[in-house]
Every structure is written in structure tokens, then in C-alpha cells.
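Below is one structure; the comments refer to it alone.
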Amino acid sequence: MSFVYPYFLFALFSLLIPVIIHLINLRRYKKIYFSNVSLLQEIQTQSKKRRQLREWLILASRILALSFLVFAFAQPYIKTAPGAYRNDAPAYVSIYVDNSFSMEKPARNGNLLSEAMRRAEEIVKSYRAADRFQLLTNEFSGSSMRFMTRDEFLSALADVQAGPVSRTLDEVMLKQQDQLGSKNEGGPRRAYLISDFATNTIGGLPSIRDTALVFAAIPVRPERNENLGIDSVWTSSPVISPNIPVDLSFRIVNSAENDLSEVPVRLFLNGEQKTPASVSVAAGSKAVGQLSFSVPSGGKYHGYIEVDDASMHFDDRFYFSFTVAEKIRIGVLNGNGAGNAPAQVFEGDEQFDLKRFQGDRPDFSAWNGLDLLVLNQVSSLSTGWATELNRFLEDGGSVVFFPSAENSAASAELLRNIKVAGFGGGLRTNTLKGGKLAIQSPFFSHVFENKNREITDVPVVKQYFPLQNRAGNIWEPLFTLPNGDVVIAWCNSGKGHVLVSGLPLQSAYSNLTAHAVFVPLLLKSAFNARGTGDLYYTAGAAVPVTVRLENAAGEGALDIKKVGESWEAIPGQRRNGNTVQLFLNDMNAAAGNYEIRENGSIVAPLAINFAPGEGLALPLVDEQWDALLKEIPSLRKMDANNAAALAEGIQQLEQGIPLWKWCIVAVLLFLLAEVLLIRFMR
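Each residue of the sequence shown is one higher than the one before, counting from 0 in numbering that gives the first Met the number 0.
Quick look at the structure:
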């Protein structure tokens, strides 16, 4: 227990006054003699003891009444938080207002964000005008790092709006600790956190070193916890080609307490609505649906999927974008003496821009801008080849590799250096008929009509180099011989792909070039080389947007512009050859479709969505709160059902639990006891 005015305790010396008065007022009894006094002496002894007890009880009542009167003026209180109760030093108060999209859920008066802003205003008005206040939001912006006067705080509070950024509890508490740590000027330091405290915001436990710092959590609860939104989309194939149907899958999430059936889902592509779909989703669960579409030609496409939801709107639309190549740029490099079979697959087709290279000493700069490079039996492979191929793959290019029959050692070394499936041994010379084509692989999508039947007509292999995934990369065997040896595989490398064959394109090794599967192998390699890339990016995420430019000579900065609006900005970027990485995490870009431009020309489409899950996480329940408060001793939960309850909680936090009223009650009780003793105890 502590006292607001401890100097009043010196008044306890006044307790000597009733003691002195009591001693002075004690009377001596006069002796009266009678002939027979034995009975009178007994009565006198009993009356004297009763009177002395009465006098001592009256004295005790007066002393206690006066003591509690002194205590009342000293204003005792029980501390509920460390720090000075009140002195001349100002209090420093950091107030965190959660402005994530989950705060747009409906509340009793408006939404949760407006409720949180009212609570912040009530907190500020509970302190003195001389105190200083910090308004902290999820953006952690530079302007929110300073402490303001009350009027400045209220002005800044009025400008708070919901945004895509969300923070975990430990991030906020550590930030407040850092900000309040430098404000140790003798006054109290307080940190308030106003949020819906959804389960997805509870991260790791913060390391709170400042034991004098108190955190008060003020939860605001939604009137009803329900939301319907889309949290992701994906395609059935990594490649979108003209006039080929594409299955676009989406996942819809229902956080309401009621099942939803036949929810309409609409698809828009370049402003045109496609065939809609519907999906049913149970309460508190997720469901996957599909929409189909096709594009008539190459170009850049912007789209979004849309559902109707009355409670929250930020995740009602999910945006995506992709590019369908007007022409796929292909280079075929034939080694000395190699046949012309790969080039014949592409020539004469308007979808492909074919370039031919001959000989074992190419001009590596000619590879810039290619989507697919076919290496056909190149025998002279120096160390520079591996360096250039790795750069080509890192830039997003893809490679088809047919080994050299004359120099298999050089082919094996090259595959090892570019870290894809390599030779698992020397040349095998046994003739094998039959084998298995991986027709269910995404690589062969839209090639075989019936993927459930087994293909018996496969190339005849006479000699081959078995393949083995020594690099540990993601690979997919496409053609496996009856003995289990893989002779054709599709591998990931860098940002591109490599189709590796263990069969040189010579009749002495196989009849691959004469077989029907040879053409789709090369065509699918070409189409997969210009994959759709990332359909969308998440706002605020640290993942860069990678853009491949056709011309590596450009030096101008890329900018992004929102489709149909005037908003545009220049993001942070890093250029490497014909690849540019854009960093959008520090930009205030809203969800939507965008264009990436270079010198005013559109080079790629871009779609940005807000982080999924904001409207779907549920608030903490009482059991979770109990566990959290136990794990974080410096954190306490404060009732925010109404302004009066909040004001009382702040008063207890700053002033402790006052006891002066109880002291007044005690004074009155002891004075009443004195009156009763005087009146009834004779």
C-alpha cells in the first residue's frame, strides 16, 4: 500500500490528544464508610471494572476514528502498475490502433476500427494535457514514431484508415518498448494495444526487458464474426495458350456460423465477364471451385474473381494477370554434323520466332531475349557454356538438351555444371522396346485425349545414357524404359526449365525423331518456356516481382500504373541483364490490376492482392487470453465494453486502487461505535 500524500501521516501524532484527555478525565472514587460495607465493596469493584472497560473502548474508538481520518487525507492506494503515481514529469503513452482489414468487421456502432478509434480518444482524454502520446498503426511509419500533444494525437487519429498491413502482438509490443525506452523522465510510461486480437496476430512471445513498462490490451469485439472471401487462385497448367481451355481454380473461405450453398462466383477477363460458377461452403470451412476460360490470341490479360459479401469487402475480389506470348522466341543450336530435326518442328509456324545457330562456337549475346534454347548434339562445350547457360536459366529461359554422341563426357560435365539431371552411368547398348510415357504429367497437358489409358507405342531405344537426378532439383521423368532407366526428364533450374534427353538424335540410338512423341516434346517445351509466371503478388510481401525484358540494353526505370486509374509509382528495382526485379513491399499499392511499363510501353501485367486470412481469423477466447496473460506478465487485459469501464480501468492503472473512501467509512463506523458505547454501556 502507498499514499498519495504521505506527509499527512505526521498527523498521527494527534492521537496523543484523546489519550491525554482520557487520562485527565479519569476520576478517583470517594470512600463512604458504612457499618456493614462488604456488599457495597463488591458492587463498587464490579462497577469500577465495567467503567474502565467502557472508557478503554471509547478511547480505542476515538483513536481508530482519528487514525482513519488521517489515512483518508493521506489517500492510500494499492499499486496495480509500476511507475510513479503522479508527479510533475509528464506521462508518455503509446497507443496502438490495429488498422488491418480485419478491423472492418461490423461492430455495435460502425465497425471495429471506428470503435478502436473511439477507445483511443477516451484513453487520451483520461490523461493530463501535459502528457505526451504516440499513435502507432500497422504501417510503423516515420510519422508514428513521435510523441504528440493531445490535440495533435486526436488530429492524427482522425486520419487513420484500414490497410493491408497486419502486425503480430510481439512486433507491436517490442516496437512500443523501443519507443518508450528513451522516455524515462520520471513519469509513468504506458502502452495500450487496441485490436480485435485475432488468432493470426499472436506470434512468438516478446522479450520485454523493461519491468517498469505496462502493456494494457483492450480488445474490441465484432457484433458478428462472419466473412466470405477468396484467398487464392491457380491454373491447372503453367502455360496458357490461345484457344486452349484453361481451368482456373479458386478457394473460397466462409468464417460465418451458417452454411452457404450455391454462392455465385463471377469471372472477369479484360473487363469481359466469362461463364460464372457457383460453390457451396460449410460454416467455418473452405471450398475449392473451378472456372474455365480460353483466350483468343496472345497478349496481356487482367482478370479477377468476385463474390458478394455484405460484411467485409476487401477480399470479395481476387485479382490475377498473365501474358500469352504473341510469339515464342526459339533458338536452335546444332553441333557440327547434327541433324535439323528440332528446327523443323518450329519452322513455318507463326507462333514461333525461330533463330538457327550452327557450330560449336556460338555468340552467347545472341541468346538474349530467347525463350527456349535447343542444344542439339554440341560436342565442344567449354566452361563458358555452363556460365552462360546458368545465366540464361536464371533469367527465366528454358533449355532442351540432346547430348553429343561424339563427346558424351563434355555433355555429362555440362549437365553437372548447370545442376540438372545428369548421366547416371556410361552408354548402355542394349536395345529396349516399350517403356512408359508420363502422359499424366502437367508437361503433357492437352496432348493426350485419354490420360487413363497406357501408351504402348513408344520410341524404340537402341543405345542411351541413363539419367539420374544427382543435383537434387525438382525433376519429372517423362520417358522411362522397361528396366527403370529414365532417358527423358523435365527439370527445374533457376527460374527456367531444362528438358534433358539421354538419347542423341541419331538413328543408331533411337527412332525418337521419327516418332510421334518427338513433336509434342519440343512444342510443350516451347510453350512451357513462356509460362504464365506468378498470377498475383501479395501486398506488403517481400517477394520481388521478376520481369523479363526483350531488350537488355534499356536503362530506364520501370514504373507501375493501376489499370483504369491514374495511380502510378516507381518501385525499387534491381536490373540484371534483361531481368528486372521490382520490390513492392514498401509501396502503398492497393489490391487490383496493374501495368508494368518501360518508357511508357507496357512490358508486363501485374496483379496485387491483400494478404489472405485477415477477415477469416477468429478473436481469442477466454481460455486463450488466460494462457497469454500468464505467459506475458507485463500484459494485462482491460475491459472496453463502454467508456465508463475503460475510464475506470485507466484510473486503476494510473492511480491504483484508491482506499480513501473505505477510510471515511471506517471513521464513521468508529464514531458510531463511540456513540453507542457512551449511550448504552453504563
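All C-beta atoms in this analysis are idealised placements derived from N, C-alpha and C, irrespective of residue type, glycine included. Just so we're clear, the structure is a prediction, and the values are computed from it rather than from any experiment.
task: Have a look at G383, L617, A644, L534 and flag the residue whose alpha-carbon is nearest the alpha-carbon of I201.
output: Checked all of G383, L617, A644, L534; the closest Cα to I201 is L617.
- prompt: By Cβ distance, which residues of its chain are closer than 7 Å to G297, with the 5 residues on each side in sequence left out?
  reply: In the same chain as G297, and ignoring 5 residues on each side of it, the C-beta atoms closer than 7 Å to its own belong to P241, V323, A324, E325, in chain order.
query: Taking Cβ to Cβ, would you say T666 is nearer than 8 Å to L156?
result: Rather than Thr, the amino acid found at residue 666 in this sequence is Val. For V666 and L156, no; Cβs fall outside 8 Å.
message: I need the straight-line Cα distance from F582 to A540, nearest angstrom please.
response: Spanning the alpha carbons of F582 and A540 requires a straight line of approximately 9 Å.
query: For Y84, which of helix, strand or coil comes out of DSSP?
result: Its pLDDT being 47, under 50, Y84 is placed unreliably in this model, and the value from its coordinates should be taken loosely. Residue state for Y84 is assigned as coil, using DSSP reduced to three classes.
field: Rounded separation between S140 and V159 - CA only
entry: Those two C-alpha atoms are separated by around 12 Å.
Helix, strand or coil at W566 according to DSSP, with G and I counted as helix: W566 falls in the coil class under three-state DSSP.
query: So who's on the other strand from C662, going by DSSP bridges?
result: According to DSSP, which records beta bridges pairwise, C662 is partnered with nothing at all.
query: For L372, does the three-state DSSP call read helix, strand or coil?
result: In the three-state reduction of the DSSP assignment, L372 falls in the strand class.
query: When the Cα of G555 is compared with those of I251, K273, T428, P570, which residue comes out closest?
result: Checking every option, the nearest Cα to that of G555 belongs to P570.
query: Alpha carbon to alpha carbon, how far is A507 from S403?
result: About 13 Å.
- prompt: Which residues in the same chain as I606 place their Cβ atom closer than 6 Å to its Cβ, once the five residues preceding and following it in sequence are excluded?
  reply: As written in the sequence, residue 606 is Ala, which differs from the Ile given in the question. Correct list, in chain order: Y318, F319, S320, Y535, N592.
- request: Counting only the same chain and skipping the five closest in sequence on each side, list residues whose C-beta sits under 6 Å from that of L56.
  value: For L56, where only same-chain residues beyond five positions count, the Cβ hits under 6 Å are L676.
field: Backbone CA spacing between I438 and L480 [nearest angstrom]
entry: I438 and L480: Cα-Cα distance of roughly 14 Å.
- request: Check T274 in the structure and name its three-state DSSP category.
  value: Residue state, collapsed to three classes: coil.
query: Taking the DSSP output, what are the residues bridged to H684?
result: Because the chain is modelled from 0 through 681, residue 684 falls outside the range shown and cannot be assessed.
- prompt: Who pairs with D558 in a beta bridge, going by DSSP?
  reply: Within the DSSP secondary-structure output, D558 pairs in a beta bridge with R596.
message: Assuming L259 and K273 are in contact, meaning their beta carbons sit under 8 Å apart, how far apart are those beta carbons, in whole angstroms?
response: A Cβ-Cβ distance of about 22 Å is found for the pair L259 and K273, leaving them out of contact under the 8 Å criterion.
- prompt: Using the rule of at least 16 other Cβ atoms within 10 Å of the residue's Cβ for burial, across every protein chain shown, is T512 buried or exposed?
  reply: The residue is buried, with at least 16 neighbouring Cβ atoms inside 10 Å.
message: Considering Cα atoms alone, identify which of D348, L247, I327, A342 is closest to G368.
response: I327 is the residue among D348, L247, I327, A342 whose C-alpha sits nearest the C-alpha of G368.
- prompt: Which residue or residues does DSSP assign as beta-bridge partners of G421?
  reply: G421 pairs with Q467.
message: Does N226 pass the burial test, meaning 16 or more other C-beta atoms within 10 Å, or should it be called exposed?
response: Per the 10 Å Cβ criterion, buried.
Simplified DSSP assignment, three categories, for R573: Three-state result, R573: strand.
query: Per DSSP, K636 is paired with what?
result: DSSP lists A216 as partners of K636.
query: Nearest-angstrom Cα distance between A106 and P221?
result: So the two alpha carbons sit approximately 5 Å from each other.
query: Is the CB-CB distance between R547 and N510 below 8 Å?
result: Taking 8 Å as the Cβ cut-off, R547 and N510 do not qualify as a contacting pair.
message: For the structure I just gave you, are there three or more beta carbon pairs, one from the stretch 306 to 314 and one from the stretch 486 to 503, closer than 8 Å?
response: By the C-beta criterion, the stretch 306 to 314 is judged not to be in contact with the stretch 486 to 503, since fewer than 3 inter-stretch pairs fall below 8 Å.
query: In chain order, what residues of the same chain have a beta carbon less than 8 Å from the beta carbon of Y4, not counting five sequence neighbours either side?
result: Only F72, A73, Q74 meet the Cβ criterion.
- request: Below 6 Å CB to CB, which residues in the same chain sit around E138 once its five sequence neighbours on both sides are set aside?
  value: Here the set comprises V164.
task: Would you check whether the ligand PLP has a heavy atom nearer than 7 Å to the C-beta of P17?
output: By its list of ligands, the structure shown contains no ligand whatsoever, and the ligand PLP lies outside what it can speak to.
- prompt: Which class does H514 belong to by DSSP, given the choice of helix, strand or coil?
  reply: Under the three-state reduction of DSSP output, H514 falls in the coil class, being neither helix nor strand.
message: Only counting the same chain, and skipping five residues up and downstream in sequence, which positions put a Cβ closer than 6 Å to that of V686?
response: Residue 686 is absent from the model: the chain starts at 0 and stops at 681.
- request: Please state if the CB of P237 and the CB of P441 are separated by a distance shorter than 8 Å.
  value: Contact: yes.
Three-state class that DSSP yields for R188 in the structure shown: Here R188 sits in strand by DSSP.
message: Please tell me whether R635 and A90 are closer than 8 Å, where the distance is taken between their beta carbons.
response: No, the Cβ-Cβ distance between R635 and A90 is not below 8 Å.
task: Taking all protein chains shown into account, decide if G648 is buried (16 or more other Cβ within 10 angstroms of its Cβ) or exposed.
output: Only buried fits G648, as 16 or more other CB atoms lie within 10 angstroms of its CB.
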